[in-house]
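Here's the structure we're looking at; comments come further down.
Encoded structure:
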């Protein structure tokens, strides 16, 4: 074995191994702290690039899901309004039928007409307040509700609005309709029945639209979940493996420090040779 006071090869080698161990230890500690085995480009440039693309795709699907959820909520509000209007139309028909009775006395007819107009006006109140996120699908202010259907923004999913305002194409009964006379009540019965039929048909269309949005939202969520799972496989740290690695590296670090200490004592060995001589 050769000895040199100019170059301590053993110490240099021990230091190299110790630095390598400390680098591995730092990476392992970062993985444990962050939960990621690839937290930045310096950890693994290729995997990091793939992971970032996956994160971008996931963010896109999250935006699609948000858009679909907003659209679904607007449709649900419209459905609730339409169902209430359908119930009101049934009550209005009942009032009109009762008011069409020619033997009805004046007081009873006036009471029926008062109930009728209150129910009629309730339709306008419901229509006016069926708003979600500035969308009202039953008052004629918009023709449709659209939502994103793809993460690239190229595709849309659409449901048509259903205007249920009084005097419209669905609710054909006017906003001034009354059953104050037997003749008016009799004439309104057919109009109310037509309006009821139209409202129920509009509800069927809204329901189909809600189902369409729901199916697309479910599909989008599955895609996002699949990508998220794949992203985890790429970058997530296995905590059991990292914990075992941490313990192993800590032992290696301690041994490396001891090896470096021993190597640093080599020059003293040279000095002892001269002293012994």
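Residue numbers (the numbering used here): 62 to 338.
By construction, the Cβ of each residue, glycine as well, lies at the ideal position given by its N, Cα and C atoms.
*Please report how far the alpha carbon of residue 281 lies from the alpha carbon of residue 128, in whole angstroms.*
Walking along the chain shown from the start, residue 281 turns up at place 220. Walking along the chain shown from the start, residue 128 turns up at place 67. Those two C-alpha atoms are separated by around 11 Å.
*Could you check how far apart the C-beta atoms of residue 223 and residue 263 are, in whole angstroms? I think they sit under 8 Å.*
Taking the chain shown and counting its residues from 1, one reaches residue 223 at position 162. Taking the chain shown and counting its residues from 1, one reaches residue 263 at position 202. Rounded to the nearest angstrom, the Cβ distance from residue 223 to residue 263 is 4 Å, consistent with a contact under 8 Å.
*Could you tell me the distance, in whole angstroms, from the CA atom of residue 102 to the CA atom of residue 291?*
Along the chain shown, one-based indexing puts residue 102 at 41. Along the chain shown, one-based indexing puts residue 291 at 230. Using only the alpha carbons, I get a separation of about 18 Å.
*residue 77, buried or exposed, once every other Cβ within 10 Å from all chains shown has been counted against 16*: Within the chain shown, the letter at position 16 stands for residue 77. Residue 77 should be labelled exposed.
*the stretch 282 to 289 in contact with the stretch 218 to 232 per 3-pair CB rule at 8 Å*: Touching, no.
*asked:* Assuming the contact rule is C-beta atoms closer than 8 Å, residue 198 and residue 119 should be a hit. Round their C-beta distance to whole Å, please.
replied: The count along the chain shown starts at 1 and reaches residue 198 at position 137. The count along the chain shown starts at 1 and reaches residue 119 at position 58. With 8 Å as the limit, residue 198 and residue 119 do not qualify as a contact, their Cβ atoms being about 30 Å apart.
*Would the beta-carbon of residue 131 fall within 8 Å of that of residue 195?*
In the chain shown, the residue the question calls residue 131 occupies position 70. In the chain shown, the residue the question calls residue 195 occupies position 134. One thing to note: residue 131 has its Cβ no nearer than 8 Å to the Cβ of residue 195.
*Throw me the rounded Cβ distance for the residue 249 and residue 225 pair, which I believe falls under 8 Å.*
In the chain shown, counting from the first residue as 1, residue 249 sits at position 188. In the chain shown, counting from the first residue as 1, residue 225 sits at position 164. Not confirmed; about 17 Å, so no contact.
_Taking the straight line between their C-alpha atoms, what separation do you get for residue 74 and residue 111?_
Reading the chain shown from its first residue, position 13 is the one you call residue 74. Reading the chain shown from its first residue, position 50 is the one you call residue 111. About 37 Å.
*Can you name, in chain order, every residue of its own chain whose Cβ lies under 6 Å from the Cβ of residue 122, other than the five neighbours on each side?*
Sequence index remark: in the chain shown, residue 122 carries index 61 (1-based). Sequence-distant Cβ neighbours of residue 122 in its own chain, meaning closer than 6 Å and more than five residues away, are 212, 281, 284, 285.
*Three-state class that DSSP yields for residue 232 in the structure shown*: In the chain shown, counting from the first residue as 1, residue 232 sits at position 171. DSSP places residue 232 in strand when its eight states are reduced to three.
*The beta strand (DSSP E) with residue 170 in it runs from where to where?*
What you label residue 170 is simply residue 109 of the chain shown in a count that begins at 1. That residue, residue 170, is in no beta strand (DSSP E); its alpha helix (DSSP H) goes 167 to 190.
*asked:* Buried or exposed for residue 205, going by 16 or more other Cβ atoms inside 10 Å?
replied: Here residue 205 refers to the residue found at position 144 when the chain shown is read from its first residue. Classification of residue 205: exposed, given that the 10 Å Cβ count is below 16.
*Verify whether the separation of the beta carbon atoms of residue 228 and residue 236 is less than 8 Å.*
Taking the chain shown and counting its residues from 1, one reaches residue 228 at position 167. Taking the chain shown and counting its residues from 1, one reaches residue 236 at position 175. Contact flag set, yes.
_Nonlocal neighbours in the same chain, by C-beta distance under 7 Å from residue 173, ignoring five residues either side_ = The residue you call residue 173 lines up with position 112 of the chain shown. In chain order, 156, 159, 160, 240 place their CB closer than 7 Å to the CB of residue 173, counting only its own chain and leaving out the 5 sequence neighbours on each side.
*Checking contacts by CB at 8 Å: is residue 204 closer than that to chain C?*
In summary, chain C is missing from the structure at hand, where a single protein chain is found.
*From which residue to which residue does the beta strand (DSSP E) around residue 209 run?*
Here the question's residue 209 lines up with position 148 in the chain shown. That run of the beta strand (DSSP E) goes 205 to 209.
*Could you pull out every residue in the same chain whose Cβ sits closer than 7 Å to the Cβ of residue 254, ignoring the five residues on either side in sequence?*
Residue 254 sits at position 193 when you count from the first residue of the chain shown. Excluding residues within five positions, the ones whose Cβ falls inside 7 Å are 154.
*Could you give the distance in angstroms between the alpha-carbon of residue 142 and the alpha-carbon of residue 107?*
The sequence position of residue 142 within the chain shown is 81, counting from 1. The sequence position of residue 107 within the chain shown is 46, counting from 1. In a straight line, the C-alpha of residue 142 is about 53 Å away from that of residue 107.
*To the nearest whole angstrom, what separates the beta carbons of residue 188 and residue 200, a pair I think is in contact under 8 Å?*
Locating residue 188 in the chain shown gives position 127, where the first residue counts as 1. Locating residue 200 in the chain shown gives position 139, where the first residue counts as 1. About 5 Å separates the Cβ atoms of residue 188 and residue 200, confirming a contact at the 8 Å cut-off.
_On the CB-based measure, 16 or more other CB atoms within 10 Å of its CB, does residue 269 come out buried or exposed?_
For the purposes of this step, residue 269 is taken as residue 208 along the chain shown, with counting starting at 1. Its Cβ having fewer than 16 others within 10 Å, residue 269 is exposed.
*In whole angstroms, what separates the C-alpha of residue 276 from that of residue 209?*
Working through the chain shown from its first residue, we reach residue 276 at position 215. Working through the chain shown from its first residue, we reach residue 209 at position 148. Distance from the CA of residue 276 to the CA of residue 209, rounded to the nearest whole angstrom, comes to 13 Å.
_Among 168, 295, 125, 238, whose alpha-carbon lies nearest the alpha-carbon of residue 57?_
The requested residue 57 is not part of the displayed model; the chain covers only 62 to 338.
*residue 266: which of 113, 97, 140 sits nearest, CA to CA?*
By 1-based counting over the chain shown, the position of residue 266 is 205. Of 113, 97, 140, the smallest CA-CA separation from residue 266 is found for 140.
*What's the gap between the Cα of residue 162 and the Cα of residue 246?*
By one-based count along the chain shown, residue 162 stands at place 101. By one-based count along the chain shown, residue 246 stands at place 185. Going by the C-alpha atoms only, they are around 9 Å apart.
*Under 8 Å, do residue 100 and residue 278 count as touching if we go by C-beta distance?*
For this step, residue 100 is matched to residue 39 along the chain shown. For this step, residue 278 is matched to residue 217 along the chain shown. No, these two residues do not count as a Cβ contact at 8 Å.
_Burial state of residue 191, where buried means 16 or more other Cβ atoms lie within 10 Å_ = Walking along the chain shown from the start, residue 191 turns up at place 130. By the Cβ-count criterion, residue 191 is buried, with 16 or more other Cβ atoms from all chains shown falling within 10 Å of its own Cβ.
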